[in-house]
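J.: To convert a position in the sequence shown, counted from 1, into this note's numbering, add 124.
Handing you this structure, nothing more for now.
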Amino acid sequence: MSSASLHVINGVRVGANAPRGSFSNVDPATGEVLCEVPLGGVDAVDAAVEAAAAAYPAWSQTPVGERCQVLFEYKQVLERNFDDLTDMIVQEHGKNVPEARGDVRRGIDCIEYACGAPSLLMGRTLPRIAVSSSFSREREENIPLDSTMERVPLGVCAGITPFNFPIMVPMWMWPMAVACGNTFVLKPSEKVPLCAIREVELAHEAGLPAGVLNVVVGGADVANRLITHTDVKAVSFVGSTPVARQVYAEATAAGKRAQCMGGAKNCMIIMPDANREAAIDGVLGSAFGNTGQRCLAGSIAIPVGDAADWFVPAIVEAARGIKTSAGTEADCGMGPLIDAGSGLRVTSAIAAGVEEGADLLLDGREATMPEGDCFVGPTVFDGVTPGMSLAETEIFGPVLSIMRRDTLDDAIEITRRSPFGNMAVMFTASGYAANRFRTEAGAGMIGINVGVPAPMAVFPFSGWKDSFFGTLHANGEDAVRFFTECRILVSRWF
Ligand code: NAD
Numbered sequence: 125m126s127s128a129s130l131h132v133i134n135g136v137r138v139g140a141n142a143p144r145g146s147f148s149n150v151d152p153a154t155g156e157v158l159c160e161v162p163l164g165g166v167d168a169v170d171a172a173v174e175a176a177a178a179a180y181p182a183w184s185q186t187p188v189g190e191r192c193q194v195l196f197e198y199k200q201v202l203e204r205n206f207d208d209l210t211d212m213i214v215q216e217h218g219k220n221v222p223e224a225r226g227d228v229r230r231g232i233d234c235i236e237y238a239c240g241a242p243s244l245l246m247g248r249t250l251p252r253i254a255v256s257s258s259f260s261r262e263r264e265e266n267i268p269l270d271s272t273m274e275r276v277p278l279g280v281c282a283g284i285t286p287f288n289f290p291i292m293v294p295m296w297m298w299p300m301a302v303a304c305g306n307t308f309v310l311k312p313s314e315k316v317p318l319c320a321i322r323e324v325e326l327a328h329e330a331g332l333p334a335g336v337l338n339v340v341v342g343g344a345d346v347a348n349r350l351i352t353h354t355d356v357k358a359v360s361f362v363g364s365t366p367v368a369r370q371v372y373a374e375a376t377a378a379g380k381r382a383q384c385m386g387g388a389k390n391c392m393i394i395m396p397d398a399n400r401e402a403a404i405d406g407v408l409g410s411a412f413g414n415t416g417q418r419c420l421a422g423s424i425a426i427p428v429g430d431a432a433d434w435f436v437p438a439i440v441e442a443a444r445g446i447k448t449s450a451g452t453e454a455d456c457g458m459g460p461l462i463d464a465g466s467g468l469r470v471t472s473a474i475a476a477g478v479e480e481g482a483d484l485l486l487d488g489r490e491a492t493m494p495e496g497d498c499f500v501g502p503t504v505f506d507g508v509t510p511g512m513s514l515a516e517t518e519i520f521g522p523v524l525s526i527m528r529r530d531t532l533d534d535a536i537e538i539t540r541r542s543p544f545g546n547m548a549v550m551f552t553a554s555g556y557a558a559n560r561f562r563t564e565a566g567a568g569m570i571g572i573n574v575g576v577p578a579p580m581a582v583f584p585f586s587g588w589k590d591s592f593f594g595t596l597h598a599n600g601e602d603a604v605r606f607f608t609e610c611r612i613l614v615s616r617w618f
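What follows is the structure, encoded as structure tokens:
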């Protein structure tokens, strides 16, 4: 596939200017170039926003039940294409098959939730909120005023998405946006554009009218044009914290509403009374699932007191047992990282950890795995202390840092002092410990005996602190509020 046909504007593939060259999108397992993504094609942004603006009047006036019929049909289309989408993710992103299936399934959850828009969009009425008196004193009046709140769409909305969930994260945004009557322009990660393009083409197959949902591909300059475009009313962003912070500042300065999900550095506390099997399994899946490339990845394990005696040897042994291979292999436990740059970032983080004096118990650079810059095996450090780069920086790779602590208070303090607040997890049999953790950990998504406390589509994805910039989160009722404006009607009749 060439770079000539990667934008989807008005329901068709459109050629692209690439004044700043192109980005090679590769299969990270094989190095095969899948497409060249044009860079700097900001004129495509203008065309896509124009198409979305032109589609808005008719789409916003389409009854919500009819809009949702398209999404009901889209769900069926996605189910029929489930295996193909899974294969695309495995190839373009590098996930293993179960993780790729999870990416599609959790995306479909968002469609199912958005199908509830007729109920979710309902307004409220309070009759006889007041009784009117006459302006002219001569007339006696006692006429009731009724008040109603309606939810109405905003206009053209924009979404900018990261590489790590190529199907699901775009579905955190556009399905609810269009269910609410908005039109949309999506700028997917240049590292996984083909999955997003397929996702959008299938929506057209399901009957979404041309122009309601458009895709522009490219990098930061394309994103920035979209964020600041005069006709864009709202910006949804998911990606790393520095970019999330910048996008939030730019979008809000340009007068848009914005929800910007950022990076993370997530802690998992293991209490001595924890169910051992569940704790090992939960920490393993959290730290190494999706090759550590999850904003809900557990990055720091904090065994409390005696827990370290059983937890540390067991987690090293379990991590050693994970097979690192191409995602296409049936027993693949961990696929490659997204690209060579990520491979270098992760191996550099491991080298820095050694340099700073942490104890390298399992070295992912030495794992049995395919050749290639994208492969790094499971890595476990012990003796990590606050201030080390392993303790402070989001690695976004398969590196678990163990920080032993003597008491529950000391363990909670580690989670609380983090500038990030995406998630925190505790494994325990104690309701007291769990309750203290829940209220004191300082994170928006809490797992108790759960390694990856993903809220699914029905609740907001509730990162706090430097993991989120904005007020209304993605998904759940927050999404309905984000993608609509309140209109208040006060009326009286004579
Ligand atoms: P990234 O920040 O590099 O890129 C995300 C998107 O922003 C891409 O589409 C990219 O093209 C665009 N972009 C990059 N630089 C930009 C700039 N200067 N201005 C405007 N747009 C720009 O993130 P990534 O590497 O694709 O994804 C990994 C990150 O995403 C991790 O930090 C992870 O924690 C985070 N993430 C967060 C959540 C969440 O819900 N909090 C979910 C998934 C991923």
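C-beta: ideal position from N, C-alpha, C; glycine also.
Keep in mind that this is a model prediction, so the values were computed, not measured.
1) With a cut-off of 8 angstroms on the beta carbons, I'd call residue 194 and residue 334 a contact; round off their distance for me.
2) Mind checking whether residue 140 and residue 168 have CB atoms under 8 angstroms apart?
3) Between residue 464 and residue 153, which are expected to be in contact by the criterion C-beta below 8 angstroms, what is the C-beta distance as a whole number of angstroms?
4) Spatial neighbours of residue 177 within its chain, please: C-beta separation below 8 angstroms, excluding the five flanking residues on both sides.
5) Please state if the CB of residue 369 and the CB of residue 585 are separated by a distance shorter than 8 angstroms.
6) Just grab the DSSP bridge partners of residue 256 for me.
7) Could you tell me the alpha carbon to alpha carbon distance between residue 70 and residue 458, rounded to whole angstroms?
8) Verify the CB distance criterion: does residue 350 have a CB-CB separation below 8 angstroms to chain B?
9) Which class does residue 588 belong to by DSSP, given the choice of helix, strand or coil?
10) Report the rounded CA-to-CA distance for residue 216 versus residue 315, giving the unit in angstroms.
11) Could you work out which residue in 243, 365, 239, 417 is closest to residue 290 when comparing CA atoms only?
12) What is the DSSP secondary structure of residue 321, reduced to helix, strand or coil?
13) With a Cβ-Cβ cutoff of 8 angstroms, do residue 538 and residue 528 count as a contact?
14) Work out the CA separation of residue 550 and residue 408 for me, nearest whole Å.
15) Could you check where the beta strand (DSSP E) with residue 170 kicks off and where it finishes?
16) Would you call the CB atoms of residue 427 and residue 394 closer than 8 angstroms?
17) With 16 as the cutoff for other CB atoms within 10 Å, does residue 602 come out buried or exposed?
18) What is the rounded straight-line gap between the Cα of residue 348 and the Cα of residue 147?
19) Give the secondary structure of residue 160 by DSSP, where H, G and I count as helix, E and B as strand, and everything else as coil.
20) Under the three-state reduction of DSSP, which class applies to residue 143: helix, strand or coil?
21) Between the region 440 to 456 and the region 225 to 241, can you find at least three pairs of beta-carbon atoms closer than 8 angstroms?
22) If I measure Cβ to Cβ from residue 244 and keep anything under 6 angstroms in the same chain, skipping five residues before and after, which residues do I get?
23) When you compare only the Cα positions, how much space is there between residue 137 and residue 432?
24) Roughly how many whole angstroms lie between the Cα atoms of residue 397 and residue 429?
25) Just the Cα atoms here: how many angstroms apart are residue 383 and residue 596?
26) Taking only runs of the beta strand (DSSP E) that begin and end inside the region 407 to 473, which ones reach a length of at least 3 residues, in chain order?
27) Since residue 343 sits in a beta bridge, which residues does DSSP pair it with?
28) Just verifying my parser: in three-state terms, what is the DSSP assignment at residue 371?
29) What would DSSP say about residue 336, mapped onto helix, strand or coil?
30) Considering Cα atoms alone, identify which of 339, 375, 392 is closest to residue 131.
31) Report yes or no: do three or more beta-carbon pairs, one from the region 357 to 372 and one from the region 153 to 163, lie closer than 8 angstroms?
32) With DSSP collapsed to three states, give me the class of residue 360.
33) Is residue 515 closer than 8 angstroms to residue 424 when the C-beta atoms are compared?
34) Whole angstroms are fine: how far does the CA of residue 235 sit from the CA of residue 296?
T.: Here's the rundown:
1) The residue you call residue 194 lines up with position 70 of the sequence shown. The residue you call residue 334 lines up with position 210 of the sequence shown. Between residue 334 and residue 194 the Cβ distance is about 12 angstroms, and since that is not below 8 angstroms, they are no contact.
2) In the sequence shown, counting from the first residue as 1, residue 140 sits at position 16. In the sequence shown, counting from the first residue as 1, residue 168 sits at position 44. Yes, these two residues count as a Cβ contact at 8 angstroms.
3) Translated into the one-based positions of the sequence shown, residue 464 becomes position 340. Translated into the one-based positions of the sequence shown, residue 153 becomes position 29. Not really, about 12 angstroms apart at Cβ, beyond 8 angstroms.
4) Position 53 of the sequence shown holds residue 177. Cβ within range, chain order: 279, 280, 307, 355.
5) Position 461 of the sequence shown, counted from the first residue, corresponds to residue 585. Position 245 of the sequence shown, counted from the first residue, corresponds to residue 369. Residue 585 places its beta carbon 8 angstroms or farther from that of residue 369.
6) Translated into positions along the sequence shown, residue 256 becomes position 132. Residue 256 is bridged to 267.
7) Residue 70 lies beyond the stretch modelled for the chain, which goes from 125 to 618, so this question has no answer here.
8) In the structure shown, chain B cannot be found, because there is only a single protein chain.
9) For the purposes of this step, residue 588 is taken as the residue at position 464 of the sequence shown. Residue state, collapsed to three classes: strand.
10) The residue labelled residue 216 in the question sits at position 92 within the sequence shown. The residue labelled residue 315 in the question sits at position 191 within the sequence shown. So the two alpha carbons sit approximately 8 angstroms from each other.
11) To locate residue 290, count along the sequence shown from 1; it is residue 166. Nearest option by C-alpha distance: 417.
12) Residue 321 sits at position 197 when you count from the first residue of the sequence shown. If DSSP states are grouped into helix, strand and coil, residue 321 belongs with the helices.
13) Within the sequence shown, residue 538 is the residue found at index 414, counting from 1. Within the sequence shown, residue 528 is the residue found at index 404, counting from 1. No, these two residues do not count as a Cβ contact at 8 angstroms.
14) Position 284 of the sequence shown, counted from the start, is the residue given in the question as residue 408. Position 426 of the sequence shown, counted from the start, is the residue given in the question as residue 550. Roughly 14 angstroms separates the two Cα atoms.
15) On the sequence shown, position 46 is the one that residue 170 refers to. Run containing residue 170: none in the beta strand (DSSP E); it sits in the alpha helix (DSSP H), 166 to 185.
16) If you number the sequence shown from 1, residue 427 lands on position 303. If you number the sequence shown from 1, residue 394 lands on position 270. It is a contact, given that the beta carbons lie within the stated cut-off.
17) One-based indexing of the sequence shown puts residue 602 at position 478. It counts as buried.
18) To locate residue 348, count along the sequence shown from 1; it is residue 224. To locate residue 147, count along the sequence shown from 1; it is residue 23. Each residue's alpha carbon lies about 17 angstroms from the other.
19) The residue labelled residue 160 in the question sits at position 36 within the sequence shown. Three-state result, residue 160: strand.
20) Position 19 of the sequence shown, counted from the first residue, corresponds to residue 143. Of the three classes helix, strand and coil, the one that applies to residue 143 here is coil, per DSSP.
21) As far as the Cβ criterion goes, the region 225 to 241 does not touch the region 440 to 456, which means the pair count is below three.
22) The residue you call residue 244 lines up with position 120 of the sequence shown. So the qualifying residues of the chain are 604.
23) Residue 137 sits at position 13 when you count from the first residue of the sequence shown. Residue 432 sits at position 308 when you count from the first residue of the sequence shown. Approximately 55 angstroms, taken between the alpha carbons.
24) In the sequence shown, residue 397 corresponds to position 273, counting from 1. In the sequence shown, residue 429 corresponds to position 305, counting from 1. Going from the Cα of residue 397 to the Cα of residue 429 covers about 10 angstroms.
25) Here residue 383 refers to the residue found at position 259 of the sequence shown. Here residue 596 refers to the residue found at position 472 of the sequence shown. Their backbone Cα atoms lie some 6 angstroms apart in a straight line.
26) 422 to 427
27) Working through the sequence shown from its first residue, we reach residue 343 at position 219. For residue 343, which the question treats as bridged, DSSP gives no partner whatsoever.
28) The residue you call residue 371 lines up with position 247 of the sequence shown. Helix at residue 371.
29) Counting from one through the sequence shown, the residue named residue 336 turns up at place 212. If DSSP states are grouped into helix, strand and coil, residue 336 belongs with coil.
30) Here the question's residue 131 lines up with position 7 in the sequence shown. When only C-alpha atoms are compared, the closest one is 339.
31) No, because fewer than three Cβ pairs between the region 357 to 372 and the region 153 to 163 fall closer than 8 angstroms, the two stretches do not touch.
32) If you number the sequence shown from 1, residue 360 lands on position 236. Of the three classes helix, strand and coil, the one that applies to residue 360 here is strand, per DSSP.
33) One-based indexing of the sequence shown puts residue 424 at position 300. One-based indexing of the sequence shown puts residue 515 at position 391. Yes; because the gap between Cβ atoms is below 8 angstroms, this pair is in contact.
34) In the sequence shown, counting from the first residue as 1, residue 296 sits at position 172. In the sequence shown, counting from the first residue as 1, residue 235 sits at position 111. Residue 296 and residue 235: Cα-Cα distance of roughly 9 angstroms.
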